[in-house]
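Engineer:
In our numbering, the protein residues as written are -16 to 305.
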């Protein structure tokens, strides 16, 4: 197995932190972290390094206030690491080394030049999927923080891979939730909507394995919301801190739909336009039932469609192949 380590600056010079004995290492300012970065702009539990089953190493941001970056690119999904990569947490620069990993070409490490703000936005038809871990606060009280980081880190990393494989344009990790975005094109909409449903089914199945994989007393459960409409999409930030995002009411409503699953007893709620698009090439009414809900922050009531994961699996199986 490759010998991996982190080189980090200290007041007395550089320090080498060997990544051994396990497959997950915490980065943050608290003393119990494996890589302790003593800075007030670094979160207590800022990020984790994780070694996957294939031997690759990934950096996962844990919802830190100031973000984590690899070679100047903000980590919004689990990001694979190669020898010589620069990891930025807060105001500290760490260097990742792995003896058997090939170094990236210099061009891959070049950052966007200049310090001017980059703002490249467009308004596009977009679907937003929000997935949230149910009863996360209770989970944090029942299991050790180190184990919690392993569980959530694995969920983030494997969930991100599933979403990317199904055509997601971008993903963001927000505490105990994932927001995933699909930007629609007229010629490929059927494939994109099928990908959203299949991604959620696969992610729920992966989540169901976490209890046995980590020896948890209780299963990890999730809820989800999907909303479709116009959204402002693009990248924003300074030249070295580019961050891809989607903004607007379509995004906000997707989060509200996920929250409303708890009061409706559904695993998934989708907005009217999402339902209408699915209905254009399938029969979602077989598995979805209508609800009228009041979403937080909105005065008017909304007509939404809900289902359980058991029904969603049947729907995904019956989806027409694009």
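Every residue, glycine too, gets a C-beta built ideally from N, C-alpha and C. Predicted model only: the values in this text are computed from it and were never measured.
Tell me the rounded alpha-carbon separation between residue 111 and residue 243.
Structural biologist: 15 Å
Engineer: Within the chosen definition, does the stretch 27 to 46 reach the stretch 118 to 125 through at least 3 CB pairs nearer than 8 Å?
Structural biologist: Result no; under three Cβ-Cβ pairs closer than 8 Å.
Engineer: For residue 169, count neighbouring C-beta atoms within 10 Å of its own C-beta (all shown protein chains included) and say buried if the count is 16 or more, exposed if not.
Structural biologist: exposed
Engineer: What's the gap between the Cα of residue 101 and the Cα of residue 155?
Structural biologist: Any reading at residue 101 needs caution, since the residue's pLDDT is 39, under 50, leaving its predicted position unreliable; the model's value is listed next. Roughly 19 Å separates the two Cα atoms.
Engineer: When we look at the beta-carbon of residue 277 and count the other beta-carbons within 10 Å, is it buried (16 or more) or exposed?
Structural biologist: exposed
Engineer: Rank 229, 190, 25 by C-alpha distance to the C-alpha of residue 51 and give the top, closest one.
Structural biologist: Nearest of 229, 190, 25 to residue 51, Cα basis: 25.
Engineer: Is the beta carbon of residue 7 sitting closer than 8 Å to the one on residue 31?
Structural biologist: Yes, the pair counts as a contact, with Cβ atoms nearer than the cut-off.
Engineer: Just to confirm my understanding: we take residue 63, look at its own chain, exclude 5 residues before and 5 after, and list those with CB closer than 6 Å. What are they?
Structural biologist: These residues qualify, in order along the chain: 39, 41.
Engineer: Could you give the DSSP three-state label for residue 257: helix, strand or coil?
Structural biologist: helix
Engineer: For chain B, find out if any of its Cβ atoms is closer than 8 Å to the Cβ of residue 286; answer yes or no.
Structural biologist: Checking the listed chains, one finds no chain B in this structure; it contains a single protein chain.
Engineer: Among all the DSSP beta bridges, which residues are the ones paired with residue 288?
Structural biologist: 253, 273
Engineer: With a CB to CB cut of under 6 Å and the five nearest residues on each side skipped, what residues in its chain are close to residue 87?
Structural biologist: Below a pLDDT of 50, predicted positions are generally treated as unreliable, and residue 87, at 46, falls in that range; the measurement from the model is reported next regardless. Taken in chain order, the residues that qualify are 65.
Engineer: Considering only C-alpha positions, which residue in the set 139, 208, -14, 166 is nearest to residue 306?
Structural biologist: Here the chain covers residues -16 to 305 and nothing more, so residue 306 does not appear.
Engineer: I need the DSSP call for residue 14, collapsed to helix, strand or coil.
Structural biologist: coil
Engineer: Report the three-state DSSP secondary structure of residue 267 (helix, strand or coil).
Structural biologist: Helix.
Engineer: Name the one or two DSSP bridge partners that residue 138 has.
Structural biologist: Answer by DSSP bridge pairing: none, since residue 138 is not bridged.
Engineer: On the premise that residue 251 lies in contact with residue 295, defined as a C-beta separation below 8 Å, what is that separation, rounded to the nearest angstrom?
Structural biologist: 6 Å
Engineer: Just the Cα atoms here: how many angstroms apart are residue 259 and residue 240?
Structural biologist: Each residue's Cα considered, the two are about 16 Å apart.
Engineer: How many angstroms separate the CA atom of residue 213 from the CA atom of residue 264?
Structural biologist: Cα to Cα, residue 213 sits roughly 21 Å from residue 264.
Engineer: Could you tell me the boundaries of the beta strand (DSSP E) in which residue -3 lies?
Structural biologist: Unbroken beta strand (DSSP E) run through residue -3: -4 to 2.
Engineer: Looking only at C-alpha atoms, which of 61, 54, 60, 58 sits nearest to residue 67?
Structural biologist: 54
Engineer: When the Cα atoms are used, what is the spatial distance from residue 247 to residue 238?
Structural biologist: 15 Å
Engineer: When DSSP labels each residue in this structure, what does residue 68 get in the three-state scheme?
Structural biologist: Looking at residue 68 - three-state DSSP - the assignment turns out to be coil, as it is neither helix nor strand.
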